[in-house]
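See below for the structure under consideration.
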Amino acid sequence: MKYSKLTGQRYKEKPAEATCASHIFMLRGGYMRQVANGIYTLMLPAQRIVAKIEQIIREEMNAIDGQEIKMPVVIPRELWEESGRYNEIGVELLRMNDRYGHGLTLGMTHEEVVVHLARTEAKSYKDYPFMLYQIQTKFRDEARSRGGLIRVREFTMKDAYSFHTSQEDLERYYKVMARAYERIFARIGIPEVVRVQSDSGMMGGKVADEYMLLCEVGEDTIVTCSNCNYLANREVGIGIIEDYPETEKPIEKVYTPNTKSIEDVTNLLKIAPSRTAKSVFYKTAQGALVLALIRGDLEVNELKLSKIFKSELVFANDDEIRAAGAIPGFASGIGLKNCTIIADPSVANSNNLVAGSNEQDYHIYNFNLRRDVPNAKLVDIAMARNGDTCPICSQGKLVLKRGVEVGQIFQLGTRYTTSMKMTYTDLDNTEKTPIMGCYGIGVGRNLACIAEARHDAKGIFWPITIAPWQVQINVLNLDNGNLKEVAEKLYLELTQQGLEVIYDDRNLPAGQQFAEADLLGVPLRLVISPRNMEKGQIEWKVRTTGESGFIDLTAAVNFVNEWVKNELAKINASCSLQQ
Ligand code: ATP
Ligand code: MG
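Counting in this note's numbering, the sequence shown runs from 23 upward without gaps.
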């Protein structure tokens, strides 16, 4: 590729709308342009990287017996109705009508479509197990697109779906897939991606893991341990806290006027928040009232809570709280009616806490959950905190970090095969329901994450496996003597070797050429200049390390070939270690 033929403006200024490195550099470097909120056109450099990431994913999926298929982006409403998700999923699912008034949706995930296919194609136990995958456009009407390609509305995803006749077989394959994922992240140049226990969210199912790139721009919070390798999404993370077991004392009322929060109460009574019980009221989608009781120093993890009720939860209003017999601001679980009470173990494991009295302007001393609210259901609903003790090694302290989810794997179970009536005939001639797994990787988000992990102040440095080009040729003073001829010849020879070369043939000042080269992040740069050519030499420079040197022009092709081979071998060696 010659620069003179490359469409796209590259510029120095930081784009006002960009908030993270990948977004800034991909706009400045002419990789992409926004078309609408969360919708982008990818230009040649980005498209070349995408093609390579996709190819690596494809190779790894094929290696574990994946069959590449292509399902439609436009999905009839009926399929979502069959699975029951048409009403479960909110406005993220884009819905529309065709000219006949038939309801259509834009695919945001393809469990329904893949089951629609598989249920007619895999009728016998002999057809199992199998895995189907695609690399296809998804549309999700996300509330907040952000960070360039990190969170968009239209994006390409590799989504894979496996079908099994037993849970054991699904678990076996889940491990195979996890290894393939590790290889993919290593091959695309972000081997530091970690696997994190997670919630299975809207997909349903039980076991799920997320692959996270730990970095500041992430929206997810990851619980890590200072001592062991415990890693969990904060949505499901657990922290061990200090309890205060004491002999139960009798309840004593205490006058606490104008105390609306735990902070007010602890200030007034001069006690620590950990010596209080906090009451938070919610309402389920069906309108049922829920009281979450938790120790005053902790926060309710609403995802954990909503999983108990299999429903989204909203805060209850004062009237609803009063209707249950509680007084807002002075509420507790004592004497409530028509309210399900969920208590976090933190409240049960500490005694003689300060709690609401359900009487205006009064709290009580010596609240003891087991004695005072015996009907409370004990479930972990706490948000893990920095400094809590690790639940796995019991020694390390939890450290919260930010991360971006680059991929996810789920053991779906029979959530879709049951609702969509998919069966196969087993060896004993009975009809059985297959068990599914599903596995996603966002292509564009990975590209952005590589840029987040691999850049400096001047631009991105792409790993050799996915770089838009492997080597770049710059010429200082193209008009000088035969430099142009030398450059053209080198460009041709390298290209003929099968190397991917971009050649800056525009005769621009050195500063501008190098600034653009830094944005493009090509791993190896060759610089042809009049001074070095006098010695028959050219300069080489590695984008990542800044390492540089000189070689004879005659040895250049060999040098580049060897260098690229070596770089590729380094990455491949690191992957085979993980097998
Ligand atoms: P998130 O929590 O970030 O919204 P998700 O749990 O909705 O992600 P999945 O449904 O598991 O994501 O999708 C699989 C993969 O697709 C994700 O791991 C991510 O790489 C990618 N992905 C999901 N949503 C987006 C998006 N809005 N923009 C870009 N990539 C996305
Ligand atoms: Mg999402």
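A virtual CB, placed ideally from N, CA and C, is assigned to each residue, including glycine.
Item	Value
By DSSP's criteria, S119 is part of a beta bridge. Which residues make up the other side?	Sequence check: residue 119 is Asn here, not Ser. Note: N119 sits in a beta bridge opposite G125.
Kindly indicate which residue of A470, V428, S416 has the alpha-carbon position closest to the one of I71.	A470
Is the beta carbon of C42 closer than 9 Å to that of D239?	The question names Asp, yet the displayed sequence has Val at residue 239. Their beta carbons are under 9 Å apart, which means V239 touches C42 by this criterion.
Measuring CB atoms only, is the region 369-377 touching the region 436-456, in the sense that at least three cross pairs come out at less than 8 Å?	no
Can you look up V395 in the DSSP assignment and give me helix, strand or coil?	coil
Any residues whose CB sits closer than 6 Å to a heavy atom of the ligand ATP? List them in chain order?	T131, R162, E164, R173, V174, F177, M179, G223, E427, V428, G429, Q430, G462, I463, G464, G466, R467
Could you tell me if K160 is buried or exposed, where buried requires 16 or more neighbouring beta carbons within 10 angstroms of its beta carbon?	buried
Since T269 and V376 should fall inside the 8 Å C-beta cutoff, what is the C-beta to C-beta distance between them, to a whole number of angstroms?	About 17 Å separates the two Cβ atoms, so there is no contact after all.
Confirm, please, whether the CB-CB distance from W562 to F536 is below 9 Å.	no
Quick check on F483: does DSSP put it in helix, strand or coil?	coil
Using only the alpha-carbon positions, how far apart do R201 and L313 sit?	42 Å
Helix or strand or just coil, what does DSSP make of C460?	strand
Please list, in chain order, all residues of the same chain as Q89 whose beta carbon is under 6 Å from its beta carbon, the five residues on each side excluded.	L154
Answer with buried or exposed for P326, where buried requires no fewer than 16 other C-beta atoms within 10 angstroms of its C-beta.	One detail in the question is off: residue 326 reads as Lys in this sequence, not Pro. The residue in question, K326, is buried, as its Cβ has 16 or more Cβ neighbours within 10 Å.
Quick check on this structure: which residue in N84, E103, D87, E134 has the alpha carbon closest to the alpha carbon of V95?	E134
Just the C-alpha distance for M224 and T246, rounded to the nearest angstrom, thanks.	For M224, the predicted model reports a pLDDT of 47, less than 50, meaning its position is unreliable and no value from the coordinates is stated.
Just list the residues that DSSP pairs P552 with in beta bridges.	P552 is not bridged to any residue.
Are Y252 and C412 close, meaning C-beta to C-beta below 9 Å?	yes
Within the 9 Å Cβ cut-off, does V137 reach chain B?	Of the protein chains in the structure, only one exists, and it is not chain B.
Let's see if you can read the secondary structure: which residues bound the beta strand (DSSP E) around A182?	176-186
Tell me whether P456 is buried or exposed, calling it buried when 16 or more other Cβ atoms sit within 10 Å of its Cβ.	buried
Taking all protein chains shown into account, do 16 or more other C-beta atoms lie within 10 angstroms of the C-beta of K399, making it buried, or fewer, making it exposed?	exposed
Whole angstroms are fine: how far does the CA of D242 sit from the CA of H218?	The amino acid at residue 218 is misidentified as His; the sequence shows Val. When rounded, the distance between both Cα atoms is 11 Å.
What is the DSSP secondary structure of E35, counted as helix, strand or coil?	coil
Please give me, in chain order, every unbroken run of the beta strand (DSSP E) with length at least 3 that falls completely inside the region 486-568.	493-497, 523-526, 546-550, 559-564
So, H124 versus R99, is the Cβ gap smaller than 9 Å?	yes
Round the Cβ separation of P545 and L505 to the nearest angstrom and send it over; I've been treating them as touching at under 8 Å.	Between L505 and P545 the Cβ distance is about 23 Å, and since that is not below 8 Å, they are no contact.
What are the start and end residues of each continuous alpha helix (DSSP H) run of 4 or more residues lying completely inside the region 270-354, in chain order?	284-291, 324-331, 340-345
Hey, R80 and C597 are a contact pair by Cβ (cut 8 Å); roughly how many whole angstroms apart?	At roughly 15 Å, the Cβ-Cβ gap does not stay under 8 Å, so R80 and C597 are not in contact.
If we count Cβ pairs, one from each stretch, closer than 8 Å, do we get three or more for the region 287-303 versus the region 331-351?	yes
How big is the Cα-Cα spacing for D10 and G429?	Outside the shown range of the chain, which is 23 to 601, sits residue 10, and nothing can be said about it.
Just tell me which of R121, T127, Y203 has its CA closest to the CA of N109.	T127
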